[in-house]
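In my numbering, the protein residues as written are 1383 to 1539.
This is how it looks when you write it as structure tokens:
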């Protein structure tokens, strides 16, 4: 192997390494905020929250899909499945709204536990578990999250 071939091989290797290390990064889950649970006039309950994520990339990303399972005291009461086409700016946090509506019987599926919670005024543990699907420079990412919040019955107006 002569010097010219060795130099070409070395430069090609450096170029390939630098190109593969510059790919987009997956967005980072930060937190869930503004979690609320309230009742509607039709008797159903609604749980709302905002998922906060951070885009670490030097380019904007597109949010394609949100999937969230909502569990209250360990019982799955509903899911959120939204297909979106929203954009998040580079190197910034962004929020995605989440909302699930469900009947009271889903909340009190364990009847005895539900009656005890109502009678004693105990709080409910609400858990949001799922992922947000995003795309940066044509590369798709699923960003998982799992967040818990304790909500008291006193806020159910």
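Note that CB positions come from ideal geometry on N, CA and C, so glycine has one too.
Tell me whether residue i is buried or exposed, calling it buried when 16 or more other Cβ atoms sit within 10 Å of its Cβ.
{"i": "residue 1516", "result": "buried"}
{"i": "residue 1426", "result": "exposed"}
In this structure, how does DSSP classify residue i when only helix, strand and coil are distinguished?
{"i": "residue 1486", "result": "helix"}
{"i": "residue 1473", "result": "coil"}
{"i": "residue 1468", "result": "strand"}
{"i": "residue 1442", "result": "coil"}
From residue i to residue j, what distance separates their C-alpha atoms?
{"i": "residue 1440", "j": "residue 1527", "result": "23 Å"}
{"i": "residue 1408", "j": "residue 1423", "result": "40 Å"}
{"i": "residue 1522", "j": "residue 1467", "result": "13 Å"}
If you check the beta carbons only, do residue i and residue j fall under 8 Å apart?
{"i": "residue 1430", "j": "residue 1481", "result": "yes"}
{"i": "residue 1326", "j": "residue 1450", "result": "Nothing about residue 1326 can be reported from this structure: the residues present for the chain run from 1383 to 1539 only."}
{"i": "residue 1452", "j": "residue 1442", "result": "no"}
{"i": "residue 1506", "j": "residue 1455", "result": "yes"}
Rounded to whole angstroms, how far is the Cβ of residue i from the Cβ of residue j, which I believe are closer than 8 Å?
{"i": "residue 1411", "j": "residue 1525", "result": "6 Å"}
{"i": "residue 1470", "j": "residue 1448", "result": "The Cβ separation is near 13 Å, so there is no contact."}
{"i": "residue 1418", "j": "residue 1479", "result": "About 12 Å; that fails the 8 Å criterion."}
{"i": "residue 1413", "j": "residue 1434", "result": "5 Å"}
{"i": "residue 1473", "j": "residue 1416", "result": "Not confirmed; about 23 Å, so no contact."}
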